[in-house]
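Here our numbering runs 21 ahead of the position in the sequence shown, where the first position is 1.
Every residue gets a Cβ at the ideal spot worked out from N, C-alpha and C, and that includes glycine.
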Amino acid sequence: STALPEQVVRDVLVSAFQSAGQRCSALRILYLQEDIKDRVLELLFGAMDELQLGDPLDNATDVGPVIDASALAEIRSYCEREKTAGRLLKQLEVPGDGHFMGPSVVEVAGIGDIGREIFGPVLHVATFAAGQIEKVLSDINRQGYGLTLGLHSRVDARVQQIIDRAHVGNIYVNRNQ
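Below you can see the structure in the form of structure tokens.
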């Protein structure tokens, strides 16, 4: 892959965890080409450890609370199921009081494993081989959501291939929304 891991991680943190993952365009699944997976996850987990959870009115806060107790219970329940299944790769601790959910990373085989969308700071990660990009795009297109897709690559032909095949409303190349 030609993605710059540091840039990918910066954009992933903002898209997946800002607004506590409660935007329709928040990053829900990160597909990593297998040759950069370990490096990107190492950087991502280290960067997650630096995130500050707290009052969104405080400029030092990176991740605020989720909207209410019901949403928190749903997200926690989902993450507990994923933990039991052995797919929860990382989850941050939360501050004492409030409706806080620690940003979480869950490993999946692909977008088909996700099912119903979770509106919270939960990022799913899937791995693919370079030659599987057409399958990845077909799987994504089959889901029918298609609001936003982000792509990191320095190969113009690869970027154009994905733009031409992706059935989405917005595409962001080498940047966060």
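{"Query": "Report yes if the CB atom of Gly167 is closer than 9 Å to the CB atom of Ser36, and no otherwise.", "Result": "no"}
{"Query": "Between Arg186 and Leu158, how many whole angstroms is the CB-CB distance? I'm expecting something under 8 Å.", "Result": "5 Å"}
{"Query": "Could you give the distance in angstroms between the alpha-carbon of Ile184 and the alpha-carbon of Thr169?", "Result": "12 Å"}
{"Query": "The beta strand (DSSP E) spanning Gly67 covers which residue range?", "Result": "No beta strand (DSSP E) holds Gly67; the alpha helix (DSSP H) holding it covers Lys58 to Met69."}
{"Query": "Below 9 Å between beta carbons: does that hold for His173 and Leu25?", "Result": "yes"}
{"Query": "Can you grab the Cα-Cα spacing for the pair Val29 / Gln112, in whole Å?", "Result": "19 Å"}
{"Query": "Closer than 8 Å by C-beta to Gln164: which residues in its own chain qualify, once you throw out the five before and the five after it? Chain order, please.", "Result": "Ile132 and Gly133"}
{"Query": "Among Val33, Gln54 and Leu72, which has the Cα closest to the Cα of Ala147?", "Result": "Gln54"}
{"Query": "So, for Ile192: in the same chain, excluding its five sequence neighbours on each side, which residues have a beta-carbon less than 7 Å away from its beta-carbon?", "Result": "Leu170, Leu172 and Ile184"}
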